[in-house]
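*Asks:* First to last, the sequence lines map onto chains A and B. Under my numbering, read the first sequence as residues 1 to 301, first letter to last. Under my numbering, read the second sequence as residues 1 to 534, first letter to last. Think of the CB as a built atom: it goes at the ideal place given N, C-alpha and C, for glycine as much as any other residue. This one's a predicted model, so the numbers in the text were calculated from it and none came from an experiment. Take this structure, written in structure tokens, and hold onto it; I'll ask about it next.
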Amino acid sequence: MPVLETNQLTKAFGDFNALNGVNIEVNQGEVFGFIGPNGAGKSTTIRILLGLMKASSGSASIFGRDTWKDAVEIHKRLAYVPGDVNLWPNLTGGEVIDLFGKLRGGIARERRDELIERFKLDPAKKCRTYSKGNRQKVALVAAFAADADLYILDEPTSGLDPLMERIFQECVMEARSEGKSVLLSSHILSEVERLCDRVGIIREGAIIESGTLADLRHLTRTQFVIETKQPIEGLPSLPGVHDVVEKDRSYTFQVDSEHVEKVMPHISKYGVVKLESAPPTLEDLFMRHYEGESVEAGGES
Amino acid sequence: MAQQRFHQTGILTRFIIKRDRLRLPIWLIALLITSLATAWSFTDLYQNEQERQSIAQTMINPATTAMIGPGHGLDNYTFGAMMAHQMLGMTALVVGIMSILLVVRHTRAQEEDGRLELVHSLPTGSLANLSATLIVVVGLNILLALATGFGLASLSIESMDLEGSLMYGAGLGAVGIFFAALTTCLAQLTESSRGAIGLAIAMLIGAYLIRAIGDVSNETLSMFSPFGWIQATEVYVNDIWWPLLLPLVAAFIFTALAFQLNVKRDVEAGLLPTRAGRSRASFLLQSVPGLVFRLQRTSLIFWGIGMLILGATYGSVLGETEVFIEDVEMMQEFISAEAGLSLTEQFLAMLMSVIAIASTIPALISILRLKGEEKRNRLEQLLAHPVSQPKLYGTYVLMALLTGTIMLTLATLGLGGTAVATIDNEIEFFTFMEAGLVYLPAMWVMVGVTALLLGFMPKAASVIWFYLLYSFVVVYMGGMFQFPEWMEFVSPFGNIPELPIDEFNVWSVALLSGLALLLVIVGGMAYRRRDIEG
Ligand SMILES: Nc1ncnc2c1ncn2[C@@H]1O[C@H](COP(=O)(O)OP(=O)(O)O)[C@@H](O)[C@H]1O
Ligand SMILES: [Mg+2]
């Protein structure tokens with residue numbers, strides 16, 4: 001049974017449908033990347049998962065329990081980090097971390113101090129004086145100090161510098177190695193690529209792709225830069241080949257991942273001198289969906 | 001060197017005026033209109049000398065004296081005397097607030113946001129910003145003084161001549177300048193603009209209280225307050241100019257001190273040390289109730305002290321009611337219509353309703369924090385922990401009920417305590433407590449209504465303030481205006497037996513308590529059912 005599951009989740013704010021049937025699933029011991037542009041509905045989904053909002057229709061469950069009815073039970077084993085951390089201005093970071101720990105039933109002091117050290121947080125300062133990144137560190141320390149089974153992280157690194165982002169990634173990987181599950185909403189693709197076992201892409205309130213990174217790469221194109229002894233004939237007309245740019249027998253083009261197998265033998269006939277290929281990135285995938293949107297949108301003008 | 005410090009003050013002055021090109025005229029015009037419109041309305045309200053004289057009689061009581069001052073020329077209550085008595089102190093209080101807010105905005109708030117550092121990195125003198133701020137705020141006060149002076153004179157109301165009017169305006173301006181200068185000093189001390197505003201407003205209220213206490217008990221004491229100084233001009237009655245020198249001399253000294261302090265410290269630092277906070281939570285901060293208490297602790301302490309002082313102020317003057325009223329024949333006929341009760345007891349009943357409504361303010365502030373927390377998006381993280389919505393709601397409601405109860409108790413204790421100590425004990429201490437605490441169910445209903453709003457329509461929750469204001473108007477002024485009975489009935493405060501005048505009525509007290517409980521429960525069910533907005 002998955003740790004977290006949503007089924008045809010919808011949410012309407014007045015006339016506006018923020019979610020139109022979201023289906024995601026996070027399994028035990030897995031890091032699930034939840035990606036999508038701003039306003040796609042990531043935070044809304046997460047707020048439903050946290051029991052802060054009631055879904056308009058569909059169902060959401062965590063640990064096999066209903067997220068709206070059993071919120072308190074679920075939260076005993078869950079840790080959450082929002083993207084925009086808002087803290088009480090006249091409490092210190094250390095006080096907030098301890099409070100959150102206590103609400104969950106106590107935290108291990110050594111673990112807490114170790115995380116504060118790693119994230120280089122000054123716990124004696126009032127939250128009023130913290131920058132966005134420092135407030136985020138407070139939430140991250142509180143979350144990772146908790147011995148939770150599921151971590152829900154909503155764009156948790158948007159204010160962190162690269163060094164801290166690395167520490168964050170270490171923490172996620174440690175959690176996974178301990179068999180914990182993570183739902184990581186993000187728009188930083190390199191982060192998702194490094195950390196996630198599976199991803200789901202959400203756009204306009206619906207999941208448009210989901211699967212392992214390997215699965216999704218089938219949907220992407222590999223970029224090639226090739227130099228040959230003889231000019232390649234009919235390259236642009238080969239199935240799955242796109243955007244061919246030719247310059248002095250040096251070709252730059254893209255191939256749909258599933259056609260690479262057929263394109264390579266054809267090219268090799270012309271005497272390959274140099275071959276560079278760039279693996280498809282999540283970014284390409286993302287951008288292709290984006291492009292699709294803008295082409296559709298731009299079609300009318 | 002000295003000149004260097006003020007380098008580019010002119011440019012910064014223009015810059016501040018440009019930044020506040022709307023804010024400054026709005027303050028000026030709003031204050032001007034208030035003064036002119038009030039003076040004008042007096043001529044409408046009181047057609048002849050007799051009417052003016054009779055209103056003067058009603059003004060002679062310790063509560064009014066504490067609130068607005070003793071007044072001069074009460075035996076010949078001209079429009080001018082009326083204006084000086086009823087409006088000068090209150091308007092000056094607002095002018096003081098204006099000066100405080102403007103000065104902090106351009107000094108400490110600038111520093112806090114890091115903008116001043118930018119200004120200092122340009123070729124400007126280190127004192128340029130401070131002096132530019134003073135020039136603007138002092139200038140605004142001078143403008144206000146002149147505009148009010150000539151404006152009032154231009155209405156050509158009898159007894160409000162040019163000299164008196166200019167003095168009236170100058171009184172307002174002098175208090176404004178006094179607090180502007182004082183605030184420049186205070187802004188050197190704290191590190192945050194909130195701290196500076198808090199300190200300055202505390203001084204302002206302190207100055208007003210010193211005058212209030214002085215006016216009822218010992219007039220020399222009033223001369224330690226700028227509000228006492230402008231009262232001492234006896235404007236429109238005797239027109240004495242010299243007391244206006246006092247705030248100006250004080251302002252001069254404060255300014256010199258502020259410059260000294262400013263040179264001594266670093267940009268963005270405060271002279272009062274800021275303590276490093278705790279790096280671990282104390283035993284108190286381990287639960288939701290602990291958190292809710294901790295967040296409200298400071299305001300609870302301040303309100304508590306305030307309510308105690310409020311009660312004590314009324315209590316200390318209550319004993320003089322009889323003396324005052326005995327002097328005024330008309331008043332006597334007016335009140336002693338209620339047979340078998342002393343004037344003091346009747347006055348007490350009225351005071352208690354006001355004190356109960358005042359004590360409701362901190363209770364409502366307390367429960368409305370639940371909405372504030374939601375709006376600032378802080379509930380999300382709390383509720384992502386094993387904390388249920390009903391528990392959070394319940395904690396806030398309970399905290400509010402407790403706050404209100406404590407506030408009313410403190411105010412009543414203050415009143416009863418000082419009254420018993422000063423009056424030759426015709427009323428027992430217990431009577432005071434009873435008269436005050438009987439209002440608790442009304443206050444609980446107000447909290448309950450707010451809770452209900454938080455459950456059903458949180459965005460509209462602030463309308464509770466209008467309901468409280470409405471309650472104040474119908475309960476406090478109901479006797480004067482003779483409102484229809486149902487108007488009092490729709491306010492919970494109107495359904496409380498006014499002890500010691502009325503009989504104690506178990507039913508209305510029990511019913512109101514039950515209603516409060518019902519409102520809280522229904523509100524809680526709605527709160528559980530709705531989304532928490534980000
Ligand atoms: N409380 C709300 N009321 C109305 N619209 C909302 C509310 N919360 C979110 N939305 C809208 O729903 C959409 C999805 O928002 P969100 O889930 O925050 O997106 P993401 O987290 O993916 O950036 C946005 O268009 C946003 O404006
Ligand atoms: Mg979001």
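Closer than 7 Å by beta-carbon distance: list the chain A residues that pair up with R272/B, in chain order.
*Replies:* The sequence position of residue 272/B within the second sequence is 272, counting from 1. Position check: residue 272/B holds Leu in this sequence, whereas Arg was assumed. Here the premise fails: no neighbours, minimum Cβ distance about 15 Å.
*Asks:* Quick check: is the beta carbon of A124/A nearer than 8 Å to any beta carbon in chain B?
*Replies:* The sequence position of residue 124/A within the first sequence is 124, counting from 1. Yes, because at least one Cβ of chain B sits closer than 8 Å to the Cβ of A124/A.
*Asks:* What does P386/B reach in chain A if we use C-beta pairs closer than 7 Å?
*Replies:* Walking along the second sequence from the start, residue 386/B turns up at place 386. Those are V72, H75, K76, L103, R104, listed as they occur along chain A.
*Asks:* Between A435/B and L318/B, is the Cβ-Cβ spacing less than 8 Å?
*Replies:* Here residue 435/B refers to the residue found at position 435 of the second sequence. Here residue 318/B refers to the residue found at position 318 of the second sequence. Going by C-beta atoms, A435/B is not nearer than 8 Å to L318/B.
*Asks:* What would DSSP say about S279/B, mapped onto helix, strand or coil?
*Replies:* Taking the second sequence and counting its residues from 1, the one referred to as residue 279/B is at position 279. Coil.
*Asks:* Could you check what DSSP says for Q346/B in three-state terms: helix, strand or coil?
*Replies:* On the second sequence, residue 346/B is found 346 positions in, with the first residue counted as 1. Q346/B falls in the helix class under three-state DSSP.
*Asks:* When you compare the CB of L160/A with every CB in chain B, is at least one pair closer than 8 Å?
*Replies:* Translated into positions along the first sequence, residue 160/A becomes position 160. Answer no: the Cβ-Cβ gap between L160/A and chain B never drops below 8 Å.
*Asks:* With 8 Å as the C-beta to C-beta threshold (strictly closer), list the residues of the segment 83-116 of chain B near chain A in chain order.
*Replies:* Cβ contacts with chain A: none found.
*Asks:* Whether or not the segment 147-164 of chain A and the segment 61-81 of chain A are in contact is what I'm after, with contact meaning three or more pairs of Cβ atoms, one per stretch, closer than 8 Å; do they touch?
*Replies:* Cβ pair count under 8 Å is three or more, so yes.
*Asks:* When the cut-off is 8 Å and only beta carbons count, does T6/A lie next to chain B?
*Replies:* Against the first sequence, residue 6/A aligns to sequence position 6. No, T6/A lies away from the interface with chain B (no Cβ there is under 8 Å from its Cβ).
*Asks:* Using a Cβ-Cβ distance cut-off of 8 Å, determine whether S336/B contacts chain A.
*Replies:* Within the second sequence, residue 336/B is the residue found at index 336, counting from 1. With a pLDDT of only 48 at S336/B, under 50, the local geometry of the prediction cannot be trusted, and the value read off the model is given with reservation. No, because no Cβ of chain A sits closer than 8 Å to the Cβ of S336/B.
*Asks:* Does the distance between the C-beta of T44/A and the nearest non-hydrogen atom of ligand 1 fall short of 7 Å?
*Replies:* Walking along the first sequence from the start, residue 44/A turns up at place 44. T44/A: yes, Cβ under 7 Å from ligand 1.
*Asks:* G394/B versus chain A: which residues are under 7 Å apart at the beta carbon?
*Replies:* Residue mapping note: residue 394/B aligns to position 394 of the second sequence, counting from 1. By Cβ distance, chain A contributes nothing, its closest Cβ being about 14 Å from G394/B, past 7 Å.
*Asks:* Would you say S287/B lies against chain A (beta-carbon separation less than 8 Å)?
*Replies:* By one-based count along the second sequence, residue 287/B stands at place 287. Closer than 8 Å: yes.
*Asks:* Taking only three categories from DSSP, how would you classify D266/B?
*Replies:* What you label residue 266/B is simply residue 266 of the second sequence in a count that begins at 1. Note: D266/B maps to coil in three-state DSSP.
*Asks:* If contact means a Cβ-Cβ distance below 9 Å, which residues of the segment 372-384 of chain B contact chain A?
*Replies:* Answer set for the segment 372-384 of chain B: E373, R376, N377, R378, L379, E380, Q381, L382, L383, A384.
*Asks:* Can you find a C-beta in chain A that's less than 8 Å from the C-beta of G198/B?
*Replies:* Here residue 198/B refers to the residue found at position 198 when the second sequence is read from its first residue. Chain A, which has no Cβ nearer than 8 Å to the Cβ of G198/B, makes this no.
*Asks:* Check this for me: beta carbons of G73/B and V216/B, under 8 Å apart or not?
*Replies:* For the purposes of this step, residue 73/B is identified with residue 73 of the second sequence, where counting begins at 1. For the purposes of this step, residue 216/B is identified with residue 216 of the second sequence, where counting begins at 1. Going by C-beta atoms, G73/B is not nearer than 8 Å to V216/B.
*Asks:* Rounded to the nearest angstrom, how far is the Cβ of A258/B from that of S193/B, given a contact under 8 Å?
*Replies:* As a position in the second sequence, residue 258/B is number 258, starting the count at 1. As a position in the second sequence, residue 193/B is number 193, starting the count at 1. Between S193/B and A258/B the Cβ distance is about 16 Å, and since that is not below 8 Å, they are no contact.
*Asks:* Which chain B residues sit within Cβ distance under 7 Å of L285/A?
*Replies:* Numbered from 1 along the first sequence, position 285 holds the residue referred to as residue 285/A. The premise fails here: L285/A is roughly 29 Å from chain B at the closest Cβ pair, so nothing lies under 7 Å.
*Asks:* Taking 8 Å as the threshold (beta carbon to beta carbon), is N17/A in contact with chain B?
*Replies:* In the first sequence, the residue the question calls residue 17/A occupies position 17. Cβ-Cβ to chain B under 8 Å: no for N17/A.
*Asks:* Tell me whether the beta-carbon of R211/B lies closer than 8 Å to the beta-carbon of G404/B.
*Replies:* Taking the second sequence and counting its residues from 1, the one referred to as residue 211/B is at position 211. Taking the second sequence and counting its residues from 1, the one referred to as residue 404/B is at position 404. In this structure, G404/B does not lie closer than 8 Å to R211/B by Cβ.
*Asks:* With a threshold of 8 Å between beta-carbons, can L52/A be considered close to chain B, or not?
*Replies:* Here residue 52/A corresponds to residue number 52 of the first sequence, with the count starting at 1. Closer than 8 Å: yes.
*Asks:* Answer with buried or exposed for D266/B, where buried requires no fewer than 16 other C-beta atoms within 10 angstroms of its C-beta.
*Replies:* As a first step, residue 266/B must be located in the second sequence, where it is residue number 266. With fewer than 16 other Cβ atoms within 10 Å, it is exposed.
*Asks:* So T298/B is in the alpha helix (DSSP H); what residue range does that whole segment cover?
*Replies:* By 1-based counting over the second sequence, the position of residue 298/B is 298. Per DSSP, T298/B belongs to the alpha helix (DSSP H) from 288-318.
*Asks:* Could you tell me the distance, in whole angstroms, from the CA atom of H187/A to the CA atom of K459/B?
*Replies:* The residue given as residue 187/A occupies position 187 in the first sequence. The residue given as residue 459/B occupies position 459 in the second sequence. Straight-line Cα distance between these residues: approximately 32 Å.
*Asks:* With 8 Å as the threshold, decide whether the Cβ of F32/A is near any Cβ in chain B.
*Replies:* As a working mapping, residue 32/A is identified with position 32 in the first sequence. Answer no: the Cβ-Cβ gap between F32/A and chain B never drops below 8 Å.
*Asks:* Please identify the residue among M90/B, N76/B, V137/B, R280/B whose C-alpha is closest to the C-alpha of R105/B.
*Replies:* Your numbering for residue 105/B matches position 105 in the second sequence. Comparing Cα-Cα distances from R105/B to each of M90/B, N76/B, V137/B, R280/B, the minimum goes to V137/B.
*Asks:* Residues in the segment 106-137 of chain A with C-beta within 7 Å of chain B's C-beta atoms, listed in sequence order?
*Replies:* Answer set for the segment 106-137 of chain A: P123, A124, K125, K126.
*Asks:* Figure out for me which residue from L52/A, E209/A, T222/A has the closest Cα to the Cα of M264/A.
*Replies:* The count along the first sequence starts at 1 and reaches residue 264/A at position 264. Of the listed residues, the one whose Cα sits closest to M264/A is T222/A.
*Asks:* Comparing the C-beta of I532/B with each C-beta of chain A, is any distance below 8 Å?
*Replies:* Here residue 532/B refers to the residue found at position 532 when the second sequence is read from its first residue. At least one chain A Cβ lies under 8 Å of I532/B.
*Asks:* Determine, using beta carbons only, whether L184/A comes closer than 8 Å to chain B.
*Replies:* For the purposes of this step, residue 184/A is identified with residue 184 of the first sequence, where counting begins at 1. No, L184/A lies away from the interface with chain B (no Cβ there is under 8 Å from its Cβ).
*Asks:* When DSSP builds the beta bridges, which residues end up paired with V314/A?
*Replies:* Given that chain A is displayed from residue 1 to residue 301, the structure contains no residue 314/A and the question cannot be resolved.
*Asks:* Less than 6 Å between C-beta atoms, sequence neighbours within five positions excluded: which residues of the same chain meet that for G51/A?
*Replies:* As a first step, residue 51/A is located in the first sequence; it is residue number 51 there, counting from the start. These residues qualify, in order along the chain: T67, W68, A71.
*Asks:* Note down, in chain order, each residue of its chain lying with its Cβ closer than 7 Å to the Cβ of E30/A, except the 5 sequence neighbours on either side.
*Replies:* Mapped onto the first sequence, residue 30/A falls at position 30. Only S181, D197, R198 meet the Cβ criterion.
*Asks:* I'd like to know if G36/A contacts chain B, where contact means its C-beta is closer than 8 Å to some C-beta of that chain.
*Replies:* Here residue 36/A refers to the residue found at position 36 when the first sequence is read from its first residue. Judged by the 8 Å Cβ criterion, G36/A is not in contact with chain B.
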